[in-house]
Amino acid sequence: MKKVLFTFFVIFLFPLGVFAYSKYIIPGGESIGIKINTEGLVVVGFYKVEDEYIAKNNFKIGDKIINVNGKNVNTIDELTDAVSKSEMSSLNVKVTVKRNDREVDTYLKLIVKDGIYKTGLYVKDSLIGLGTLSYIDPVSKIYGALGHEITMNETGNKVDVRDGNILYSKVIGIDKSRNGKVGSKNANIIFDRKIGTIQKNTNKGIYGIYIDNLPNKETYQVADFSNIKKGDAYILTVTKDNKIEKYSINILDKYSSKKDTQKAFSFEITDKNLLNKTGGIVQGMSGSPIIQDDKIIGAVTNVLVDNVTLGYGISIITMLAEGEK
Numbered sequence: 000m001k002k003v004l005f006t007f008f009v010i011f012l013f014p015l016g017v018f019a020y021s022k023y024i025i026p027g028g029e030s031i032g033i034k035i036n037t038e039g040l041v042v043v044g045f046y047k048v049e050d051e052y053i054a055k056n057n058f059k060i061g062d063k064i065i066n067v068n069g070k071n072v073n074t075i076d077e078l079t080d081a082v083s084k085s086e087m088s089s090l091n092v093k094v095t096v097k098r099n100d101r102e103v104d105t106y107l108k109l110i111v112k113d114g115i116y117k118t119g120l121y122v123k124d125s126l127i128g129l130g131t132l133s134y135i136d137p138v139s140k141i142y143g144a145l146g147h148e149i150t151m152n153e154t155g156n157k158v159d160v161r162d163g164n165i166l167y168s169k170v171i172g173i174d175k176s177r178n179g180k181v182g183s184k185n186a187n188i189i190f191d192r193k194i195g196t197i198q199k200n201t202n203k204g205i206y207g208i209y210i211d212n213l214p215n216k217e218t219y220q221v222a223d224f225s226n227i228k229k230g231d232a233y234i235l236t237v238t239k240d241n242k243i244e245k246y247s248i249n250i251l252d253k254y255s256s257k258k259d260t261q262k263a264f265s266f267e268i269t270d271k272n273l274l275n276k277t278g279g280i281v282q283g284m285s286g287s288p289i290i291q292d293d294k295i296i297g298a299v300t301n302v303l304v305d306n307v308t309l310g311y312g313i314s315i316i317t318m319l320a321e322g323e324k
């Protein structure tokens with residue numbers, strides 16, 4: 000049998016509008032690995048076959064391949080199997096893709112070379128990343144993390160989740176931020192230690208059910224948006240191994256018109272220890288919970304690239320409501 004070549008990279012019922020989250024929640028701060036299996040296979044690029052981009056006419060970057068010859072596909076193996084079993088009297092395979100939330104029928108052109116069917120497509124069926132856990136509701140075990148959506152680098156589009164998990168991880172180093180360039184946490188992700196499911200990826204974070212033993216931590220009262228004020232606060236985050244530490248920040252302003260967005264309030268990092276370690280806000284810090292007056296007020300979401308000591312936060316009320324939807 001000829002081989003097929005694909006290249007790839009690695010929730011009680013309540014009345015409408017009434018949310019059931021707890022008044023006291025467990026703060027996060029833990030570094031988490033993130034593994035998402037995508038809905039369909041995402042087209043992320045093209046390669047030449049016999050000096051021709053054979054797939055460019057029928058596919059676009061960001062297309063999600065969902066069906067091949069009447070068979071639903073979600074993984075590389077399923078796609079390869081469906082193509083291998085297709086009717087080879089024609090080297091054009093019928094494919095359905097989801098494009099801009101519409102289903103479109105097209106054809107996948109195949110070329111046989113050295114006994115291998117080549118497609119001209121680079122595709123992805125999963126995504127791996129790093130972030131910070133924001134909170135766990137101790138009653139429902141719903142958790143929230145990141146405070147913003149996960150997008151695929153190659154397409155710039157939000158990742159549609161088929162399923163996935165958050166995973167235990169340990170921070171092993173920091174690439175420091177500097178003005179004009181945002182650094183990152185580096186971590187070892189323990190793929191066989193799943194601590195939560197991933198059920199949705201939204202513009203307000205990722206959410207699911209925490210399946211590991213609940214951390215033995217003090218709970219914090221949930222702050223309403225009106226409780227947030229200018230002045231001292233602190234974040235909880237990991238900069239080495241899995242040790243959560245407190246780092247001081249200063250709340251600069253809050254924006255009533257944006258209270259349900261990722262940029263509900265702004266802050267600056269004032270902790271010299273953190274600045275020495277990270278240079279400012281780094282990738283992987285998104286989701287770090289923010290505490291003020293012994294209440295959890297929100298989580299870190301964005302950084303200003305031109306001044307990496309400045310960032311934005313999302314209100315914890317917004318995250319909790321999103322997790323309950």
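Counting from 0, one number per residue, gives the positions in the sequence shown under numbering that gives the first Met the number 0. Glycine residues also receive a C-beta, built at the ideal position from the N, C-alpha and C atoms. Model, not experiment: these values are computed from the prediction.
What distance in whole Å lies between the Cβ atoms of ILE141 and ASN164, which are believed to be in contact at a cut-off of 8 Å? ILE141 and ASN164 do not touch by the CB rule: their CB atoms are close to 15 Å apart, not below 8 Å.
Curious, which full-length alpha helix (DSSP H) runs of at least 4 residues does the stretch 242-320 contain? Correct list: 271-277.
Could you tell me which residues DSSP puts in a beta bridge with ILE24? The partner list for ILE24 (beta bridge, DSSP) reads TYR219.
I need the DSSP call for ASN185, collapsed to helix, strand or coil. Secondary structure of ASN185 (DSSP, three-state): strand.
Close-in-space but distant-in-sequence residues of the same chain around LEU319 (CB under 6 Å, 5 per side omitted): The residues are TYR20.
Cutoff 7 Å; reference ASN306; Cβ partners in own chain excluding five residues on either side: Here the set comprises ASN178.
Tell me the rounded alpha-carbon separation between PHE58 and ILE65. Distance between the alpha carbons of PHE58 and ILE65: 13 Å.
Per DSSP, what kind of secondary structure is THR74 in: helix, strand or coil? THR74 carries a coil assignment under DSSP once its states are collapsed to helix, strand and coil.
Tell me the rounded alpha-carbon separation between ILE171 and GLY130. Inter-residue distance for ILE171 and GLY130 is about 14 Å (C-alpha atoms, whole angstroms).
Closest Cα partner of GLU77 within the set LYS108, GLU38, ARG98, ASP113: Looking at the Cα atoms, GLU38 is the closest of the given residues.
If you draw a straight line from the alpha carbon of VAL122 to that of TYR206, how long is it in whole angstroms? Counting only the Cα atoms, TYR206 lies some 25 Å from VAL122.
To the nearest angstrom, how far is it from the Cα of GLY27 to the Cα of ASP259? Roughly 20 Å separates the two Cα atoms.
In angstroms, rounded to a whole number, what distance separates the CA positions of ILE243 and LYS253? One C-alpha to the other measures close to 26 Å.
Find out if the Cβ-Cβ distance for the pair PHE45, LYS34 is shorter than 8 Å. Contact flag unset, no.
Inter-residue CB distance, VAL181 and VAL281 (contact presumed, cutoff 8 Å): Confirmed, about 6 Å.
What residue range is occupied by the uninterrupted beta strand (DSSP E) comprising ALA232? Counting along the chain, the beta strand (DSSP E) containing ALA232 begins and ends at 230-237.
Smallest Cα separation from VAL96: which of SER287, LEU273, GLY69, ALA232? Out of SER287, LEU273, GLY69, ALA232, the CA that lies nearest to the CA of VAL96 is found in GLY69.
Give the range of the beta strand (DSSP E) segment to which ARG177 is assigned. Here ARG177 belongs to no beta strand (DSSP E), and DSSP marks it neither H nor E.
Please determine, among LEU90, GLN220, SER125, GLU217, the residue with the shortest C-alpha to C-alpha distance to MET151. Restricting attention to LEU90, GLN220, SER125, GLU217, the CA atom closest to the CA of MET151 is found in SER125.
If you run the structure through DSSP and keep just helix, strand and coil, what is SER225? DSSP places SER225 in helix when its eight states are reduced to three.
Entirely enclosed beta strand (DSSP E) segments - the stretch 123-182, minimum 3 residues: Whole beta strand (DSSP E) segments, 3+ residues: 141-144, 160-174.
Using a threshold of 8 Å, state whether the C-beta atoms of GLU148 and THR201 are closer than that. Cβ atoms of GLU148 and THR201: closer than 8 Å.
Given ASP292 as reference, the closest of ILE248, SER176, ASN272, ASP159 once Cα atoms are compared: Nearest C-alpha to ASP292: ILE248.
Could you check the C-alpha separation between SER287 and THR269 for me, to the nearest Å? The C-alpha of THR269 is placed about 16 Å away from the C-alpha of SER287.
Helix or strand or just coil, what does DSSP make of GLU102? In the three-state scheme derived from DSSP, where H, G and I count as helix and E and B as strand, GLU102 is classed as strand.
Just mark GLU217 as buried or exposed, buried being the case when its beta carbon has 16 or more other beta carbons within 10 Å. With fewer than 16 neighbouring CB atoms inside 10 Å of its own CB, GLU217 falls in the exposed class.
Cutoff 7 Å; reference LYS229; Cβ partners in own chain excluding five residues on either side: Cβ within range, chain order: ILE250, LEU251, ASP252.
If you run the structure through DSSP and keep just helix, strand and coil, what is GLY119? GLY119: strand per DSSP, three-state reduction.
Nearest-angstrom beta carbon gap, GLY297 and GLY310 [assumed within contact, 8 Å]: Beta-carbon to beta-carbon, GLY310 and GLY297 are separated by about 11 Å, too far to satisfy the 8 Å threshold.
Look at the Cβ atom of THR105, then the Cβ atom of LYS175, and state whether they are nearer than 8 Å. Cβ atoms of THR105 and LYS175: not closer than 8 Å.
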